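These notes are about the structure you will find just below.
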Amino acid sequence: MSEFKKAYLKKIDECIASGRYKDNWESLAQYRVPDTYRDCKFGVFIHWGIFSVPAYANEWYSRSMYVQGTREFEHHVKTYGPQKDFGYKDFIPMFKAEKFNADEWTDLFKEAGFQYMVPVAEHHDGFQMYGTEISHWNSVEMGPHRNVLGELHASARKKGLLAGCSSHRVEHWFFMGPGREFESDITDAEKEGDFYWPAMPSGDFNDSFSKPTPTPEFLEDWLVRCCELVDKYKPSIFYFDWW
1 MSEFKKAYLK KIDECIASGR YKDNWESLAQ YRVPDTYRDC KFGVFIHWGI
51 FSVPAYANEW YSRSMYVQGT REFEHHVKTY GPQKDFGYKD FIPMFKAEKF
101 NADEWTDLFK EAGFQYMVPV AEHHDGFQMY GTEISHWNSV EMGPHRNVLG
151 ELHASARKKG LLAGCSSHRV EHWFFMGPGR EFESDITDAE KEGDFYWPAM
201 PSGDFNDSFS KPTPTPEFLE DWLVRCCELV DKYKPSIFYF DWW
């Protein structure tokens with residue numbers, strides 16, 4: 001574990017100890033949703049990321065391209081070559097966002113009558129659309145070299161829009177797992193800090209208690225990512241996918 005993560009986990013424990021809420025359901029149940037959110041009737045959620053480069057099927061392309069027998073698998077091999085030679089991470093340099101203009105987006109949101117916006121901060125693929133200290137796999141250091149989330153937040157707040165974000169990171173523990181079932185660029189050598197890590201087998205999606213489950217190391221990594229988002233970007237809304 002990096003020193004950054006260790007320090008952040010300590011900071012989180014200190015915050016819980018001195019904060020208004022404790023880490024139990026009884027305490028969290030006392031939380032009241034802010035009136036500003038209760039009064040909002042219309043907003044926009046945005047899915048945008050590396051998966052927009054292949055632009056095939058849907059935003060689960062990063063997983064499906066490794067699931068043998070799927071149309072995404074066949075499309076990928078036909079279009080880009082075998083996954084061992086061209087994996088999902090090879091799309092990153094192609095994701096340039098050269099036409100991205102945060103003000104154009106938020107102008108459109110205001111014109112449409114949206115009161116809030118929730119862009120994806122990190123999708124299941126593990127690529128962060130913001131500047132971060134926890135990983136190099138982000139839109140500032142790679143791809144477009146832009147702080148997409150930060151630019152959208154700054155623009156939205158200038159125009160009176162509530163600026164939120166969503167994290168879909170928690171599913172990443174199993175999302176890239178199929179790539180280990182055949183020869184691809186996802187191997188058993190994946191370690192913490194690598195883009196595809198941990199690439200574990202998935203359990204039964206219909207059974208919350210099925211095995212395997214995410215490791216403590218992955219969950220600590222997830223927690224630090226979430227808290228860093230809160231501390232650096234102060235989203236008015238923080239949406240978590242699925243669970």
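Using the numbering used here, you'd call the opening residue of the sequence shown number 1 and step up by one each time.
Positions of the beta carbon are idealized from the N, C-alpha and C atoms, including for glycine.
Every value quoted in this text rests on a predicted model; they were computed, and no experiment measured them.
Asked: Between the CA atoms of residue 92 and residue 197 - distance to the nearest angstrom; Found: 16 Å
Asked: DSSP beta-bridge partners of residue 46; Found: 119
Asked: Range of the contiguous alpha helix (DSSP H) that encloses residue 27; Found: 25-28
Asked: For residue 217 and residue 204, the rounded distance between their alpha carbons; Found: 21 Å
Asked: Euclidean distance between Cα positions of residue 187 and residue 146; Found: 30 Å
Asked: Enclosing beta strand (DSSP E) for residue 240 [first to last residue]; Found: 238-240
Asked: Continuous beta strand (DSSP E) stretch holding residue 165: start and end; Found: 165-167
Asked: Which listed residue (190, 222, 177 and 170) has its alpha carbon closest to that of residue 242; Found: 170
Asked: Buried/exposed call for residue 221, threshold 16 Cβ in 10 Å; Found: buried
Asked: Same chain, Cβ closer than 6 Å to residue 122, five either side skipped, listed in chain order; Found: 128, 167 and 169
Asked: Residue 12: first and last residue of the uninterrupted alpha helix (DSSP H) it sits in; Found: 3-18
Asked: DSSP beta-bridge partners of residue 68; Found: Residue 68 pairs with nothing; no bridge assigned.
Asked: Buried or exposed (CB count within 10 angstroms, at least 16 for buried), residue 209; Found: exposed
Asked: Cβ-Cβ distance between residue 43 and residue 118 below 8 Å; Found: yes
Asked: Contact the stretch 154-161 vs the stretch 177-191: 3+ CB pairs below 8 Å; Found: no
Asked: Cross-strand partners of residue 162 (DSSP beta bridge); Found: 116
Asked: Residue(s) in a DSSP beta bridge with residue 138; Found: 128
Asked: Cβ contact (3+ pairs, closer than 8 Å) linking the stretch 136-156 and the stretch 91-106; Found: yes
Asked: Secondary structure of residue 61, DSSP reduced to three states; Found: helix
Asked: Inter-residue spacing [alpha-carbon to alpha-carbon] between residue 225 and residue 47; Found: 19 Å
Asked: Proximity winner among 200, 207 and 227, relative to residue 214 (alpha-carbon distances); Found: 200
Asked: Residue of 240, 55 and 13 minimising C-alpha distance to residue 79; Found: 55
Asked: Residue burial classification, residue 106 (beta-carbon count within 10 angstroms, cutoff 16); Found: buried
Asked: Where the alpha helix (DSSP H) containing residue 232 begins and where it ends; Found: 216-233
Asked: Sequence-distant residues of the same chain with beta carbon closer than 6 Å to residue 57, five excluded per side; Found: 72
Asked: Inter-stretch contact (C-beta, 8 Å, three-pair minimum) for the stretch 29-38 and the stretch 59-78; Found: no
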